[in-house]
Amino acid sequence: MTGNEIQQTAQNWSVLVASAADVCLKPWLHAVVLTDVADVDDQKPGSTLDLISAQSVDLIVRIECRNREGDRLPEHDLELEIYRSGNDLNLMLTWCELPDRPMLWQGQHPVWMDGNSGQRCQPPEDGAPLEAFARRLRALLVLPEQS
Numbered sequence: 002m003t004g005n006e007i008q009q010t011a012q013n014w015s016v017l018v019a020s021a022a023d024v025c026l027k028p029w030l031h032a033v034v035l036t037d038v039a040d041v042d043d044q045k046p047g048s049t050l051d052l053i054s055a056q057s058v059d060l061i062v063r064i065e066c067r068n069r070e071g072d073r074l075p076e077h078d079l080e081l082e083i084y085r086s087g088n089d090l091n092l093m094l095t096w097c098e099l100p101d102r103p104m105l106w107q108g109q110h111p112v113w114m115d116g117n118s119g120q121r122c123q124p125p126e127d128g129a130p131l132e133a134f135a136r137r138l139r140a141l142l143v144l145p146e147q148s
């Protein structure tokens, strides 16, 4: 699969991610921008979800935030990393413009980590919507053998 084909399948998949963000992270509107795809086997055709399920890809996207009037709000932008570890699908969510804020790792359960040290920490006061978003994404992306 070429880089262009990956980008086209990722565009369809990105609507799913943006819609989940819109539902969980109100009142903002979101768009997804593919920033990095690693370890792609050029011989394997398929969708972005196929690539993740085949453990062929680590995917990093930027989730860009806007208000209802369409003005960009970069302070609310998120970076989402999706990767497989064994049979588990894992997500990492961080604030792009606020590296000192805690980051959320979502596997079978959520873990908040200090943005500087990586040590486990308490969730931020405004962390519940981000946890809901991570749970929703993981549920949407969960693979049949994980159910």
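The sequence shown begins at 2 in my numbering and counts up by one.
The C-beta atom is built at its ideal place from N, Cα and C for all residues, glycine as well.
Rounded to whole angstroms, the gap between the alpha carbons of residue 31 and residue 119 is 27 Å. Between residue 107 and residue 136, the beta carbon gap of about 7 Å places them in contact (Cβ cut-off 8 Å). Bridge partners of residue 121 according to DSSP: 114.
If you draw a straight line from the Cα of residue 90 to the Cα of residue 59, it is about 10 Å long. DSSP places residue 14 in the helix class (H, G or I) of the three-state scheme.
In terms of Cβ geometry, residue 63 and residue 34 form a close pair [threshold 9 Å].
Excluding its 5 nearest sequence neighbours in each direction, residue 68 has C-beta neighbours in its own chain below 8 Å: 28, 29, 30, 74, listed in chain order. Nearest neighbour of residue 127 by Cα position, chosen from 140, 103, 115, 117, turns out to be 103.
Residue 114 has its alpha-carbon roughly 12 Å from the corresponding atom of residue 96. Secondary structure note for residue 85: its beta strand (DSSP E) is the uninterrupted segment 79–86.
Exclusion of the five residues before and after residue 82 leaves 61, 93 as the residues of its chain whose Cβ lies within less than 6 Å of its Cβ.
In this structure, residue 105 sits away from residue 76, with a CB-CB distance that is not shorter than 9 Å. Looking at the DSSP output, residue 22 shares a beta bridge with no other residue.
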